[in-house]
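Protein chains in written order, with this note's numbering: chain A, 238 to 531; chain B, 156 to 564; chain C, 37 to 318.
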Amino acid sequence: MAPSRSPLLHVFLVAPVFYLLAMVGFPILYNVAMSLQDVTLRNLGQLVRPFVGLDNFRELIADPIFRKVFVNSLAFVGVNVAGQVSLGLLAALFFAESFAGAHFLRGLLLATWMLPGLVVGALWKWMFASQYGVVNFVLATLHLIREPVHWLSDPAVAMTSVMIAHVWYIMPFSMILIAAALTAIPQDLYEAAALDGAGPLARFRHVTLPALRPTLLAVACLVTIYSMRAFDMIFALTQGGPLDSSNVLPLLSYQFSFQQFKFGMGAAVGTFAVVFVLAVAVVYVRTLNEDVRA
Amino acid sequence: MTIKKLLAGLAAVACLTASEAMAQKVITLWHPYNAETDMIYYGIRTFNESQKDYRIEARLVPYTQLTAEMIKAVATGTPPDLVTLNDPVVASFASQDQLIDITDRIKDSKVINLSVYFKGPQTSGVWQGRRYSIAREVNTLALYYNADLFRAKGLDPDKPPKTWAEVRAAAEKLTDPAGRVFGIGFCAHASEQSTFQFLPWLWQAGGSINKLDAPEAIEALQFWTDLVQKGYASKDVINQQQNDVTNSFMAGNYAMAVGGPWELPRIQKDAKFDWRVTTLPVKDGKNIQASSLGGFHFAIPKGAKEIDGAFRAIEFMSTPSIFQDGWRSGLMAPRSDVDIKDPLWPKAYAVFREQMKFAIQRGPHPQWPDLSRPIQIAIQEALTGAKPPAQALKEAAQKIQPILAKQPL
Amino acid sequence: MTAVLLPSMSRRTRRVAFSVLGFPGAAIYLFPIYWMLISGFKSSAEIFANPPTFFPRAPSLEAFHSVIVQENIARYLANSVIIAVPVTLLTLALGSIGAYAMSRIRSRLVDLALVMVLLLQVFPEALIATPIFIIFKWVGLLNTFLAVILATTSKTLAFALVILRPMFLQVPSELEDAAHVDGCTRFQAFWRIVLPLMQAPLLVVGAISFAQAYGEFVYPITLLNQQNLQPGSVGIYAFIGAEFADWHRVMAFASIYVLPILALFLLLQRNIVSGLTAGALK
């Protein structure tokens with residue numbers, strides 16, 4: 238029996254992880270250190286700066302804008318995960334039916350995901366503009382609205398608009414991963430279920446969904462991460478406004494560091510984002526392990 | 156033997172040119188000017204051609220990244236020799252020792268004579284009595300208007316509105332929901348741009364940043380709020396940057412728009428109607444002419460290698476001939492003694508030059524971003540109807556009070 | 037496959053129904069892309085016209101001409117590819133060996149490594165840029181493609197590990213045991229037996245890594261000083277200036293920018309999706 242603890246395996250494991258730790262670990266340590274210091278433009282170029290412990294974090298938690306942005310991020314991530322997993326699943330199921338042009342259409346949908354965030358933000362900014370935007374134009378023409386909707390200038394609506402744009406942006410990515418996993422489900426499982434008298438819905442619940450579980454979880458996890466770091470698109474679309482209604486953690490961190498010169502605070506915000514994802518990542522890995530042992 | 160001499164001669168020449176090339180020092184310059192007509196390209200080219208000691212190598216930094224890149228440069232000890240910074244940000248860098256003090260160089264300079272600069276640029280770039288930057292170009296705000304729409308609504312385009320009341324009345328007449336026209340547009344975007352656009356009105360009302368909760372300041376914000384609430388200005392102005400406002404003006408959807416001279420090249424190309432400019436209005440009864448001062452500054456970051464060369468480049472870029480080229484892209488000279496011969500858009504030029512006399516700078520204050528942000532928030536709160544102007548400004552005043560107490564404007 | 041999910045209809049009717057639904061549905065979903073395309077043909081002012089125009093009033097090639105000739109988009113795209121290809125190869129190499137090891141070693145350490153790998157992804161890129169700059173300044177690789185490639189791979193590698201590990205888990209280790217009995221070393225077993233079964237997942241990961249590297253923005257702008265080394269993701273900002281933005285050129289640029297990647301995916305996606313069956317279960 239091949240030893241499962243062969244040295245080659247350990248080399249295989251260590252090489253990429255070490256690479257990642259160097260490339261990403263150091264920057265994170267750098268920033269975590271910054272979040273515990275009082276950093277100004279004057280001492281930014283040095284590594285040793287006055288240590289202030291958790292002061293930055295305390296100031297952050299006391300800041301109502303931070304609390305608002307944190308909640309925004311949670312909502313943004315939640316809606317994205319739900320939206321992308323469900324829409325991605327629907328789309329994947331739809332295109333799995335091999336009708337004429339299915340493959341081509343599905344590939345074409347990927348175009349949205351390949352655009353730079355700047356372009357997606359700008360496009361949706363124009364489409365959502367109250368006055369000259371296409372969305373209001375179409376809705377008004379169809380007599381669905383009487384007054385223009387202030388998609389981006391009404392604080393109550395702005396976040397929804399940002400969510401719509403982001404789900405649209407990334408959904409094809411989720412769709413393609415789910416589509417790939419769909420084709421891996423063996424046909425005989427379905428045939429067996431059909432023989433047992435299971436209707437279409439039951440087959441979906443008892444065959445498709447369980448088989449897709451690892452992939453759906455992986456997609457949910459990846460979408461969480463990519464949503465937590467969404468920056469370019471939101472920056473171009475609303476810049477977090479109006480009144481921080483569509484502001485999210487990475488954007489807030491950028492604003493602190495590069496617009497207000499408060500580097501310690503910016504780093505502290507980044508650290509918060511990591512702590513949040515820690516919870517998600519742990520859940521994901523635990524669930525994955527269960528699948529593996531099953 | 157002739158071959159030997161020939162080779163020796165060639166070698167000598169090669170050494171000469173090599174040492175010449177080696178002796179030529181490189182000045183690294185960071186700037187955000189992507190418009191190919193910008194005067195910086197003309198400036199760099201002629202500077203490099205005019206002398207052999209220095210050569211400018213420019214790096215085009217995307218405008219949105221300029222401050223961030225400078226911060227990174229500070230953090231990593233890799234600054235360029237010369238950089239163009241936006242006016243209000245200079246104090247933040249200067250107060251933290253990140254710019255070279257050029258007071259004495261300017262005093263001794265035979266090219267730069269500050270006394271002929273406009274009032275605003277004379278004091279901007281100064282921190283605690285020492286000078287750290289000098290204006291590359293200046294700009295200010297004026298009122299663009301669509302003469303065709305004026306005529307269509309029975310207004311005389313030769314007599315543009317001169318007071319707040321007249322502006323409001325004109326905006327009311329010009330607003331045409333069926334024709335998708337708003338009477339007026341201005342920038343209330345959540346960034347420095349809204350502060351830039353709002354301050355003229357604050358000053359025209361007799362208000363000041365020191366007293367944001369005073370009645371004068373409230374009147375200014377109320378003026379803006381009324382325009383939006385009555386529908387003479389679009390609610391979307393809180394989302395529009397200055398060039399977005401100009402876009403709507405050029406598309407014929409804003410009859411009037413507050414903007415700067417940098418918009419002129421685009422307006423000339425894309426605005427297919429009789430467009431005109433006039434100076435900003437005054438408030439009835441107050442008669443204070445005021446506008447904001449904007450523009451970019453040349454500064455030499457701390458840690459720059461070629462300080463002398465960089466300063467020579469600054470001197471070169473501050474000569475009248477360069478400014479003549481600047482007006483092609485709507486950039487104004489910071490010197491009042493420079494008169495553009497046969498300017499493009501002569502009427503607009505005259506208006507902006509007139510307005511420059513009343514352009515007031517922002518700050519300087521090392522924490523200008525912290526002063527500006529509460530103002531931006533107050534504007535957004537008032538215009539979205541989240542809070543009445545009085546309350547929004549009161550809260551803004553409370554936020555900036557501790558900052559001004561430590562360091563007055 | 038959805039045949040088993042939907043109420044019984046003749047296969048042909050179902051397919052026709054799906055076509056009828058699919059094309060308009062996709063068209064609606066892709067409408068913003070259409071909007072991007074026509075904006076490249078409009079004048080800067082017309083983009084903001086109210087009411088919006090669904091077709092340019094006077095279609096002009098000026099923006100495309102300027103983007104291709106003056107801005108030399110070809111050079112930007114070439115740089116994008118010069119960065120993306122090595123990133124893809126490096127990601128596949130490190131990702132496959134890492135994921136393979138993670139699938140074969142069952143330990144807390146592996147779980148921890150996986151968690152960390154995921155965690156590290158979420159830190160705001162803007163903040164990571166400065167220390168990355170410091171790292172590469174320290175090793176003297178500033179202003180080189182190599183620096184950008186190494187930095188970008190750290191991003192795509194995390195994704196690769198997360199996606200590939202479950203795939204490797206589906207390859208039964210009995211295959212390697214059999215190979216070992218036949219005298220293969222661990223590496224030979226990996227190279228000759230396991231990897232070939234992973235062709236399709238590796239293709240997916242490769243394509244997605246390529247797309248991510250192609251669109252990378254923060255690392256090129258941080259590590260590359262010269263404009264002529266910048267990839268398209270940075271080049272597009274050349275139209276967004278201090279005074280105004282040339283939106284029609286931005287959209288023209290974006291339309292061209294997206295073509296190589298789109299072509300890649302259109303060609304490969306058939307293999308990517310349907311091919312996974314072959315690799316995963318045997």
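Cβ atoms here follow ideal geometry from the backbone N, Cα and C, with glycine treated the same way.
> In whole angstroms, what separates the C-alpha of C:L312 from that of A:A439?
Replying inline: Confidence in C:L312 is poor, its pLDDT being 44 and thus under 50, which makes the residue's placement unreliable; the coordinate value appears in the next sentence. Answer to the nearest angstrom: the Cα atoms are 25 Å apart.
> Are B:T434 and B:V506 closer than 8 Å when you measure CB to CB?
Replying inline: Contact flag set, yes.
> DSSP three-state call for A:E384: helix, strand or coil?
Replying inline: coil
> Thinking C-alpha only, which one of C:I244, C:A247, C:P256 and C:L238 is nearest C:I133?
Replying inline: C:L238
> Given 8 Å as the limit, is there contact between the segment 396-411 of chain A and the segment 98-114 of chain C, that is, 3 or more CB pairs closer than that?
Replying inline: No, the segment 396-411 of chain A does not touch the segment 98-114 of chain C.
> Is there at least one Cβ from chain C nearer than 8 Å to A:V519's Cβ?
Replying inline: yes
> Leaving out five residues before and five after B:I469 in sequence, what residues of the same chain have Cβ atoms less than 6 Å from its Cβ?
Replying inline: F453
>> Applying the 10 Å Cβ sphere with the 16-neighbour rule, what's the burial state of B:W185?
In response: buried
> Hey, is C:A110's beta-carbon within less than 8 Å of any beta-carbon in chain A?
Replying inline: no
> So which residues of chain A does B:Q535 contact, with C-beta pairs closer than 8 Å?
Replying inline: G478, P479 and L480
> Do B:S447 and B:V271 come within 8 Å of each other at the CB atom, strictly closer than that value?
Replying inline: no
> Are the CB atoms of B:V493 and B:F513 nearer to each other than 8 Å?
Replying inline: No.
> Comparing the C-beta of A:I407 with each C-beta of chain C, is any distance below 8 Å?
Replying inline: For A:I407, not one C-beta of chain C is nearer than 8 Å to its own C-beta.
>> If contacts are defined as beta-carbon pairs under 8 Å, then A:W201 and A:L474 qualify, I think. What distance do you get, rounded to the angstrom?
In response: No answer is possible for residue 201 of chain A: the residues shown for chain A start at 238 and end at 531.
>> Counting beta carbon pairs with one atom in the segment 541-556 of chain B and one in the segment 260-280 of chain B, are three or more of them shorter than 8 Å?
In response: no
> For the segment 367-375 of chain B against the segment 542-562 of chain B, are there 3 or more C-beta pairs whose distance is under 8 Å?
Replying inline: yes
>> What ranges does the alpha helix (DSSP H) occupy inside the segment 279-353 of chain B, keeping only unbroken runs of at least 4 residues that lie completely in it?
In response: 302-307 and 319-329
>> The beta strand (DSSP E) that contains B:I211, what's its start and end?
In response: Y209 to L215
> If B:G450 and B:E292 are in contact, beta carbons under 8 Å, what's the gap, nearest whole angstrom?
Replying inline: Taking a contact as a CB-CB distance under 8 Å, the pair B:G450 and B:E292 counts as one, their CB atoms being some 5 Å apart.
> Mind checking if C:A63 is an interface residue toward chain B, Cβ cutoff 8 Å exclusive?
Replying inline: Closer than 8 Å: no.
> With burial defined as no fewer than 16 other Cβ atoms inside 10 Å of the residue's Cβ, what is the status of A:A516: buried or exposed?
Replying inline: Its Cβ having fewer than 16 others within 10 Å, A:A516 is exposed.
> Quick one: Cα of C:D282 to Cα of A:R523, how far?
Replying inline: Approximately 49 Å between the Cα atoms of the pair.
> So which residues of chain C does A:L245 contact, with C-beta pairs closer than 7 Å?
Replying inline: Going along chain C in sequence order, the residues near A:L245 (Cβ under 7 Å) are R222 and F223.
>> Just to make sure I have the definition right: I need the residues of chain C whose C-beta is within less than 8 Å of the C-beta of A:L346. Which are they?
In response: A62, Y65 and L66
>> Measuring only the C-alpha atoms, how far is B:D480 from C:T258?
In response: 32 Å
> Does DSSP put A:M408 in a helix, in a strand, or in coil?
Replying inline: helix
>> Do B:P456 and B:V238 count as a contact pair if the criterion is CB distance below 8 Å?
In response: yes
>> Distance check for B:Q220 and C:I272, CA to CA, integer angstroms please.
In response: 13 Å
>> What are the residues in the segment 266-299 of chain C lying within 7 Å of chain B by C-beta distance?
In response: Y273, A274, F275, I276, G277, A278, E279, F280 and A281
>> At the level of alpha carbons, what is the spacing between B:P380 and A:T397?
In response: Contrary to the premise, residue 380 of chain B reads as Thr rather than Pro in this sequence. Near 25 Å, if we compare the C-alpha coordinates of A:T397 and B:T380.
>> Whole angstroms are fine: how far does the CA of B:G407 sit from the CA of B:N398?
In response: 14 Å
>> Would you say B:A345 lies against chain C (beta-carbon separation less than 8 Å)?
In response: no
> When the Cα of B:V245 is compared with those of B:Q206, B:A290, B:R210 and B:I211, which residue comes out closest?
Replying inline: Cα-wise, what sits closest to B:V245 is B:A290.
>> Just list the residues that DSSP pairs B:A454 with in beta bridges.
In response: B:V238 and B:S288
> Which residues bound the beta strand (DSSP E) around B:I182?
Replying inline: K180 to H186
>> Less than 8 Å between C-beta atoms, sequence neighbours within five positions excluded: which residues of the same chain meet that for C:L205?
In response: S139
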